[in-house]
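Enquirer: Per this note's numbering, the sequence shown starts with residue 1, numbered consecutively.
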Amino acid sequence: MEKIVIDGGVKLSGKVEISGMKNAAVAVIFATVAVNDVCVIENLPQISDVKLSLEMLRSIGARIKIVGKNAVEIDTRDLKNVAAPIAIARKMRASYYLAGASLARFGRTKVGLPGGCDFGSRPIDQHIKAFEALGAEVSIDGGYLEAETERGIHSANIFFDCVTVGATINTILASVLADGMTVIDNAAREPHVVDLANFLNYCGANITGAGTDVIKIKGVSRLHGCTYAIIPDMIEAGTFMAAAAATGGRLYINNIIPKHLEAITAKICEMGAEVEELDEAIIVSRKEPLCRANVKTLPYPGFPTDMNPQIAVLMCMANGVSQITETIWDGRFRYVDELRRMGAKIKVDGKQATIEGGENFSPANVRAVDLRAGAAMILAGLVCNGRTEIEDIHYIERGYDNIVSKLRLVGARIRKINIPDDIIESKSV
Ligand code: EPZ
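1) A353 bridges to which residues according to DSSP?
2) Which residue comes first and which comes last in the alpha helix (DSSP H) that contains A174?
3) Let me check understanding here. Comparing Cα to Cα, which of I311, A318 and L200 lies closest to E326?
4) Does the beta carbon of D195 fall short of 8 Å from some heavy atom of the ligand EPZ?
5) So, under 8 Å CB-CB, K65 and E73 are touching, yes? Tell me the CB distance rounded to an integer number of Å.
6) Cβ of D421 versus every heavy atom of the ligand GTP: is any distance shorter than 8 Å?
7) Cβ of K110 versus every heavy atom of the ligand EPZ: is any distance shorter than 8 Å?
8) Could you work out which residue in T265, A136 and A266 is closest to G107 when comparing CA atoms only?
9) Does the Cβ-Cβ distance between G100 and A174 come in under 9 Å?
10) Once the 5 residues before and after A156 are set aside, which same chain residues still bring their CB inside 6 Å of it?
11) Within its chain, find whatever has a CB closer than 7 Å to the CB of L379; leave out the 5 residues flanking it on each side and keep chain order.
12) Expressed to the nearest angstrom, what Euclidean distance is found between the alpha-carbon atoms of G386 and M377?
13) What residue from Y252, D279, D349 and R367 has the CA that sits closest to L409's CA?
14) What does DSSP give as the partner residues of C291 in its beta bridges?
15) Please report the residue range of the alpha helix (DSSP H) in which E397 lies.
16) Quick one, which of Y202, G180, F131 and P123 has its alpha-carbon nearest T164's?
17) Using a Cβ-Cβ cutoff of less than 8 Å, which residues in the same chain neighbour L223 once the five nearest sequence positions on both sides are dropped?
18) Give the DSSP-derived three-state secondary structure of F159 in the structure shown.
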């Protein structure tokens with residue numbers, strides 16, 4: 001079993017390089033199915049969700065070649081079938097993007113229902129609503145989503161009942177080769193939606209309005225390959241911003257797009273951090289004690305739900321009582337039990353967490369219960385004096401590229417250790 005071990009109490013200082021965005025990378029990788037040509041995707045993060053996405057493409061016949069440290073060539077001209085094995089699909093959320101891309105290219109799909117972090121219910125009714133509006137017959141059977149269209153995908157006007165990143169991306173994918181103009185209303189505005197649209201437009205698509213709540217996709221007859229670099233990961237950057245603010249150090253966070261970080265920057269400055277924005281970097285430091293604040297998570301450009309656990313760590317340290325209102329995921333507060341094991345005073349009542357700050361954390365053995373919860377446990381471990389051990393770190397490695405080595409480079413006393421299973425069994429007797 002692998003663990004992360006942290007001897008905390010160090011102020012982080014130095015330069016961090018941000019990797020490509022997980023949630024853009026997985027969308028673009030699956031989008032190559034609709035391209036039916038050879039694409040080179042650059043600035044891919046070295047994370048397990050990217051490895052799994054590439055594995056799924058290989059399983060349906062794509063030819064994949066590593067052509068650089070963070071670059072792969074994906075040839076999707078000879079795909080065998082469109083059924084993605086449930087065993088892989090259920091390991092991550094984004095596997096359902098294969099459905100939209102396959103519908104566009106083949107007019108049919110069969111994809112294992114997605115997995116991903118467990119925040120409670122993660123419905124896909126808006127994906128189904130969009131596929132049906134585009135002319136597909138959709139069924140859920142035996143853990144698979146199946147969709148087929150007799151007369152081909154046609155354009156439609158789709159008004160989402162809620163702002164959904166996944167369904168917005170899946171609808172763009174499914175309609176990119178459709179006859180006519182598809183219009184998505186109440187679309188998600190996240191940077192990774194824009195990145196996907198930009199990639200497809202580089203391939204010859206005709207998509208306008210990405211980044212606003214109305215996206216128009218004028219179907220084209222075919223797409224062609226391209227070379228495309230994924231945008232930087234705003235949540236990885238936000239996590240390192242929180243690390244600088246939490247430890248009271250100074251981090252030069254390189255390879256970012258400041259605009260994507262505006263809500264995060266505003267909140268950590270409100271709590272007492274200092275932020276200097278450069279063209280493609282941000283410098284975060286903190287000299288004064290952290291002060292309380294309230295946060296409400298919202299779709300972009302609001303404060304991202306994927307920064308909820310990380311900002312909670314800062315609130316635990318801040319003087320006063322802070323509140324987090326979570327509007328996206330019912331089960332987002334699962335990290336609270338683990339933070340409580342380190343002394344956090346947090347009360348959760350439905351969508352609201354009330355955090356009584358002012359205390360430092362005490363070291364403990366904790367678990368990463370999901371990807372961003374794991375990041376929060378690392379932040380708490382970095383701050384408290386003593387040794388914190390984190391289990392179930394596979395969640396963290398789903399979305400953070402070499403986070404242990406990046407933190408060591410800026411002074412953290414952190415390492416990953418592997419405990420052979422037979423030692424664990426002997427201890428458990
Ligand atoms: C994406 O998940 C991200 N994952 C999540 O990041 C992120 O938390 C989420 O967007 C919100 O920003 C990827 O991009 C792979 P949604 P997604 O569809 O697409 C409801 C991380 O840590 N909804 O925008 O699954 C849903 O219940 C991960 O990187 C429906 O009701 O999220 C939720 O309340 C975790 N019906 C809200 O919409 C649907 O058909 C937003 O979900 C779809 C969604």
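Built from N, CA and C at the ideal position, the CB exists for glycine as well.
Expert: In short:
1) Working through the sequence shown from its first residue, we reach residue 353 at position 353. In the DSSP assignment, A353 is bridged to I324 and V348.
2) Residue numbering aside, residue 174 sits at position 174 when the sequence shown is read from its first letter. V165 to S175 is the extent of the alpha helix (DSSP H) around A174.
3) As a position in the sequence shown, residue 326 is number 326, starting the count at 1. Answer by Cα proximity: I311.
4) Taking the sequence shown and counting its residues from 1, one reaches residue 195 at position 195. Relative to the non-hydrogen atoms of the ligand EPZ, the Cβ of D195 never comes closer than 8 Å to any of them.
5) Here residue 65 corresponds to residue number 65 of the sequence shown, with the count starting at 1. Here residue 73 corresponds to residue number 73 of the sequence shown, with the count starting at 1. With a contact defined as Cβ atoms closer than 8 Å, K65 and E73 qualify at about 4 Å.
6) Ligands displayed in this structure: the ligand EPZ; the ligand GTP is not among them.
7) The sequence position of residue 110 within the sequence shown is 110, counting from 1. Annotation for K110 indicates a beta carbon at 8 Å or more from all heavy atoms of the ligand EPZ.
8) Translated into positions along the sequence shown, residue 107 becomes position 107. A check of alpha carbon separations from G107 across T265, A136 and A266 identifies A136 as the nearest.
9) Against the sequence shown, residue 100 aligns to sequence position 100. Against the sequence shown, residue 174 aligns to sequence position 174. Yes, these two residues count as a Cβ contact at 9 Å.
10) Translated into the one-based positions of the sequence shown, residue 156 becomes position 156. By the criterion of a C-beta distance shorter than 6 Å, A156 is surrounded in its chain by A133, L134 and T182, once the five residues flanking it on both sides are discounted.
11) Against the sequence shown, residue 379 aligns to sequence position 379. So the qualifying residues of the chain are A242, A243, A246, Q310 and V313.
12) Residue numbering aside, residue 386 sits at position 386 when the sequence shown is read from its first letter. Residue numbering aside, residue 377 sits at position 377 when the sequence shown is read from its first letter. Spanning the two alpha carbons is a distance of roughly 14 Å.
13) In the sequence shown, counting from the first residue as 1, residue 409 sits at position 409. The shortest C-alpha separation from L409 is found at Y252.
14) Against the sequence shown, residue 291 aligns to sequence position 291. Answer is N319.
15) Here residue 397 corresponds to residue number 397 of the sequence shown, with the count starting at 1. That run of the alpha helix (DSSP H) goes H394 to G399.
16) Sequence index remark: in the sequence shown, residue 164 carries index 164 (1-based). Residue P123 is the option with its Cα nearest to T164.
17) Your numbering for residue 223 matches position 223 in the sequence shown. Taking C-beta separations shorter than 8 Å and ignoring five residues to either side along the sequence, the partners of L223 in its chain run A34, V35, N36, D37, V176, L177, L200, C203, G204 and A205, following chain order.
18) For the purposes of this step, residue 159 is identified with residue 159 of the sequence shown, where counting begins at 1. Here F159 sits in strand by DSSP.
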